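Written below as structure tokens is the structure these notes are about.
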């Protein structure tokens with residue numbers, strides 16, 4: 001017994017997956033992401049209905065980028081979709097006839113890793129997701145901690161550089177400006193501009209100009225030993241590790257899980273993050289150290305986590 | 001039924017207080033703080049025994065500066081006392097014959113405020129203590145959150161300035177170097193040095209030199225409108241509020257409680273902290289805002305909190 | 001004897017003025033700034049010819065934004081015009097039949113102020129121009145110091161915040177991102193967003209939104225005491241003054257001259273700059289302090305300075 | 001014709017050397033540095049008299065740490081000696097009966113390198129001295145530039161990190177806190193504390209503890225490939241090179257000369273400084289780049305430079 005559907009809303013497609021109690025995706029249905037806020041609600045419902053056909057579904061969990069309220073019902077604000085105080089739970093429940101739980105997508109991914117991925121066996125886990133930006137989730141005492149108003153774990157927006165880089169959130173110096181896929185690309189472009197002779201492999205993978213460098217080029221070039229690419233990963237890791245050290249001072253978890261597209265590079269990025277974490281960890285000689293683990297579920301963590309959160313009710 | 005003893009270990013004296021279920025201190029006994037680590041253990045036991053005489057005591061809670069392990073038994077490291085992996089719980093239990101709980105002192109104070117002070121009625125509270133340094137405690141879901149290994153909530157040591165001021169912890173740029181009583185004195189001395197004509201009241205309260213400025217002078221001068229004193233509080237508040245905004249991004253509590261000696265100045269410091277908090281709060285227009293409250297228990301928060309934690313077992 | 005023509009190349013118009021030995025503009029001719037690099041050269045020549053008609057002109061001085069080589073002949077790079085290694089001196093000399101000197105526009109303005117404005121009587125002067133960006137010029141020993149290769153005095157691009165704001169130059173944390181007209185607008189918008197109740201006058205001057213705030217609104221609102229506007233000028237002054245303190249450590253001039261559009265506000269911005277300068281000046285008690293003076297020539301400093309530099313040959 | 005004496009005042013000894021027009025030291029006399037301000041004046045005179053015996057001396061140049069006034073006569077402030085407005089020129093002239101010129105020691109060393117060392121053939125040179133702290137000198141147009149009041153070229157005290165490390169000067173974030181021998185030791189100790197397994201060679205050279213690490217150990221360990229030692233030099237070079245890039249934006253010299261004890265390591269430190277300089281140089285593709293050269297005169301640059309400045313009168 002006990003199938004639920006998890007929904008992942010991406011920039012180009014919306015995926016709805018039927019997930020069992022072990023976190024296995026039995027069936028998945030995707031639809032293109034439409035351009036307007038209302039149409040996205042329709043598309044979510046369509047994907048859920050299509051995926052659930054022929055299954056006995058108990059509930060639906062939706063992972064959405066942005067602020068979700070403490071009732072897990074309303075999207076207060078979404079950065080990429082024009083949702084403002086959007087009653088997503090009610091709308092979807094009415095159309096699909098199933099109980100719906102809405103969750104911040106990074107929270108959902110954190111929960112997925114905690115339940116079925118790298119976090120298994122840990123009671124207190126902090127996940128960070130290094131994607132285009134930087135998100136994350138907090139598990140303390142085996143529960144997802146969402147904050148009093150539902151908007152906790154916005155890791156990407158703690159200020160790590162006073163008067164630092166402008167962030168899309170309107171503030172300056174946010175962590176995600178220094179530790180994210182977007183930051184990685186910036187590091188590589190700046191370095192390739194300053195020292196092109198150290199970026200020959202990297203530049204050859206794109207159009208030959210610093211501006212033409214994209215994330216995938218940096219990964220490929222780093223694996224071939226391109227100096228600028230390797231240094232760019234190190235710079236990212238320097239900031240990621242220092243931030244994890246701050247989170248250790250605050251949360252003292254037994255494990256950090258590093259997910260998101262950037263972490264797909266595995267030890268290329270995990271190893272320098274661990275070193276930086278250890279470099280900056282306060283009181284390192286007097287305390288047990290949290291492990292820094294690679295996420296295991298990849299891109300499906302959010303969908304699986306959302307489905308499992310729906311199951312928990 | 002249900003008296004417990006709370007112990008507060010200060011730099012000059014150790015206080016043991018008998019506390020009832022309402023958080024009232026029925027009786028308090030203090031002894032001078034001896035110079036050596038072993039003698040301090042003895043002094044704690046003596047204070048507990050003296051305070052408990054004639055009362056029916058169930059348990060003892062000790063608040064200690066430093067890292068306390070997850071079993072609330074061992075002081076892993078104390079910054080001011082030469083305790084390293086000190087089995088304080090066992091030692092005191094053996095001598096006083098009562099169950100003992102050891103807790104980080106800032107955690108104990110946070111718990112005191114949550115139970116009997118400004119935090120009453122809130123489920124999710126973050127306390128910060130602006131004393132000589134900066135400490136704090138985390139209450140989520142009505143429980144004190146100590147981290148997996150007992151050393152969470154070391155707020156004072158998150159890095160707010162990369163390559164910033166040296167900290168006693170060995171790292172650089174720690175929050176407590178910018179938001180604490182010690183920071184306040186530094187701000188005032190630097191400003192009085194640069195613009196003595198704006199610090200006439202302040203300088204007159206000390207020995208006339210910038211080096212002679214102490215914390216109490218700054219408070220007194222600020223109340224009289226001394227420009228340097230007022231600006232020094234604002235600078236402190238600027239950093240305190242910006243840090244609270246970060247903690248809101250992470251924990252999203254319903255209230256922050258600001259305690260410690262610096263907060264004794266009340267609105268003189270609370271008001272600019274609130275403004276700075278609001279200035280830097282991310283997504284301010286899309287989320288409910290945490291309240292920023294003054295602590296209510298003053299210097300007894302730690303003792304009362306430790307006693308109550310001992311009662312909870 | 002001795003009339004020369006100074007040329008000022010603005011974003012919307014090009015001005016050529018006939019200037020005498022006292023720095024007086026006898027006649028001025030302006031033409032619209034055309035869109036292409038070649039057409040701008042033509043327009044310069046046309047303006048010079050028109051202005052010079054009926055005068056006995058000895059030489060022409062052209063102030064151009066960007067890098068000008070050490071021979072004062074070639075524009076190596078212009079940020080706003082597509083000039084790259086542009087032989088401007090040769091081109092204009094061929095067409096107007098007069099000796100031509102090309103100079104960086106901020107250098108020209110500095111020279112103008114030194115010769116005929118606030119810098120008269122000083123041998124060692126540093127000028128900064130707070131316009132949209134931040135430029136400046138160096139006079140040491142009564143000579144304009146251009147550097148070995150002609151590109152000295154790029155004050156706006158010294159790094160004042162490591163890992164700070166992105167700059168148009170490709171680097172991060174450049175001074176002009178913190179002390180310039182553009183920075184002033186950013187400060188006002190951020191503050192008006194965070195605390196609109198403190199920006200009522202300011203917001204009413206624009207379209208009512210933070211994004212609608214422009215520089216002229218901030219000046220007007222500050223004069224009426226609008227808190228956000230005043231605080232925005234203070235923030236700008238904080239950075240401007242701290243940078244001047246650095247320049248004092250390096251150059252130790254007898255005077256700083258602050259020009260550019262932002263400085264048109266006079267004491268509203270000069271007074272806090274002086275205070276910040278004094279706050280950050282190193283060794284303040286052991287050294288004579290440079291004066292911080294308002295520029296006197298306003299927008300014509302560059303034209304007059306260029307003309308005078310042409311006269312000097 | 002034309003022998004002069006140069007004087008170098010060190011922490012442990014005072015050296016007076018007879019120098020000819022080619023910058024060759026013909027004879028040198030040293031005396032221990034006495035503890036009091038007056039005694040140091042006596043010792044200088046004694047050393048000069050002893051060194052000059054049997055030579056036909058024209059003048060004496062004294063290099064002194066601290067602020068020297070624009071008349072090159074009075075030490076306004078010395079950081080290590082209790083000289084405050086000390087009329088050193090008059091006192092020494094009276095006793096030795098020769099014309100005396102007083103100069104800031106880093107200025108003297110810069111002049112020495114310009115005249116007889118790495119700066120020969122350059123008209124515009126910036127020297128930085130990476131010793132315990134960071135000093136330097138400015139040569140523009142073949143003249144030493146001392147500022148209007150004599151206190152220019154205090155490179156070590158420009159602010160490179162807002163709210164950064166405390167400096168002995170009373171300010172924060174000064175360049176010399178990040179690029180100097182003292183900074184190098186701090187880097188090595190911090191890293192050896194965090195990752196002792198990467199500092200085995202380094203730790204073995206001292207007493208085995210991070211606190212026991214000294215500058216000479218870092219040099220020796222770096223030459224053997226010790227990771228912490230190499231990384232510490234890189235960190236120093238990162239800050240040194242970024243600062244040189246700022247100086248290039250300001251002064252645009254044809255060469256930088258890097259001297260001082262740290263630079264004795266040669267390419268070990270010069271090579272990463274050059275890379276960092278290039279990484280941060282603004283407008284790098286549009287301008288000729290200054291060379292970054294190793295100083296050639298070592299510890300005698302100050303004495304030789306002071307002697308030569310005395311010759312120039």
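Protein chains in written order, with full-length UniProt numbering: chain A, 1 to 313; chain B, 1 to 313; chain C, 1 to 313; chain D, 1 to 313.
Where a beta carbon is used, it is the ideal one built from N, C-alpha and C, also for glycine.
Bear in mind that the values here come from a model prediction, so they are computed numbers and not experimental data.
Each residue's CA atom was taken as its position, placing residue 73 of chain A and residue 88 of chain A some 6 Å apart. Against chain C, the beta carbon of residue 178 of chain A has neighbours under 9 Å at 163, listed in chain order. A direct Cα-to-Cα measurement between residue 154 of chain A and residue 290 of chain A gives close to 20 Å.
The shortest C-alpha to C-alpha distance from residue 92 of chain B to any of B/75, B/281, B/10, B/177 is the one to B/75. Taking a C-beta distance under 8 Å as the contact criterion, residue 157 of chain C and residue 180 of chain C do not qualify as a contact pair.
Collapsing the DSSP output to three states places residue 34 of chain C in coil. In the DSSP assignment, the residues bridged to residue 291 of chain B are B/255. Between residue 145 of chain C and residue 139 of chain C a beta carbon distance of about 7 Å is seen, short of the 8 Å cut, so the two are scored as contacting.
Within the same chain, and ignoring the five residues on either side of residue 231 of chain A in sequence, the residues whose Cβ sits closer than 7 Å to its Cβ are 191. For residue 279 of chain B, the residues of chain C that pass the 9 Å Cβ criterion are 190, 191, 194, 195, in the order they occur in the chain. Contact annotation: in the region 66-86 of chain C, residues whose CB is within less than 8 Å of a CB in chain D are 67, 76, 77, 84. In this chain, the beta strand (DSSP E) harbouring residue 84 of chain B covers 84-86.
As the crow flies, the alpha-carbon of residue 202 of chain A is around 7 Å from that of residue 213 of chain A. Not a single C-beta of chain B is nearer than 8 Å to the C-beta of residue 64 of chain C. Residue 62 of chain C is bridged by DSSP to C/7, C/102. Where residue 137 of chain D is concerned, there is no enclosing alpha helix (DSSP H), although the beta strand (DSSP E) around it starts and stops at 134-140. Nearest CB-CB separation between residue 284 of chain D and chain A: below the 8 Å threshold.
The beta carbon of residue 187 of chain D is closer than 7 Å to those of 232, 235, 236 in its chain, skipping five residues each way along the sequence. In this structure, residue 160 of chain A and residue 173 of chain A form a Cβ contact; the two beta carbons are roughly 6 Å apart against a cut-off of 8 Å. Taking the Cα positions, residue 90 of chain C is about 55 Å away from residue 265 of chain A. For the region 31-65 of chain A, the beta-carbon criterion of a distance under 9 Å to any beta-carbon of chain C is satisfied by none of its residues. Here residue 69 of chain A is buried. Its C-beta has 16 or more other C-beta atoms within 10 Å. Contact between residue 96 of chain A and residue 304 of chain A does not hold, since the beta-carbon distance rounds to 19 Å and is not under 8 Å. For residue 203 of chain A, no chain C residue has a C-beta closer than 7 Å to its own C-beta; the minimum C-beta separation is roughly 16 Å.
For residue 222 of chain D, the closest alpha carbon among the candidates D/54, D/258, D/269 is that of D/269. In its chain, beyond the 5 residues on either side, 276, 280 have a beta carbon closer than 7 Å to the beta carbon of residue 242 of chain B. Listed along chain D, the residues sitting closer than 8 Å to residue 123 of chain C by beta-carbon distance are 148. Contact annotation: the region 123-141 of chain B does not touch the region 110-126 of chain A, with fewer than three C-beta pairs closer than 8 Å. At least one CB of chain D lies nearer than 8 Å to the CB of residue 166 of chain B. With respect to chain C, the C-beta atom of residue 170 of chain A has a partner C-beta closer than 8 Å.
Linking residue 116 of chain B to residue 166 of chain B through their CA atoms gives a straight-line distance of about 36 Å.
Each residue's CA atom was taken as its position, placing residue 183 of chain A and residue 175 of chain A some 10 Å apart.
In this structure, residue 34 of chain D lies near residue 40 of chain D, with their beta-carbon atoms less than 8 Å apart. Residues of chain D whose Cβ lies closer than 7 Å to the Cβ of residue 140 of chain C are, in chain order, 140, 145. For residue 153 of chain B, the neighbours in chain A by C-beta distance under 9 Å run, in chain order, 249, 250, 251, 252.
Residue range 267-280 is occupied by the alpha helix (DSSP H) that includes residue 277 of chain C, with no beta strand (DSSP E) assigned at that position.
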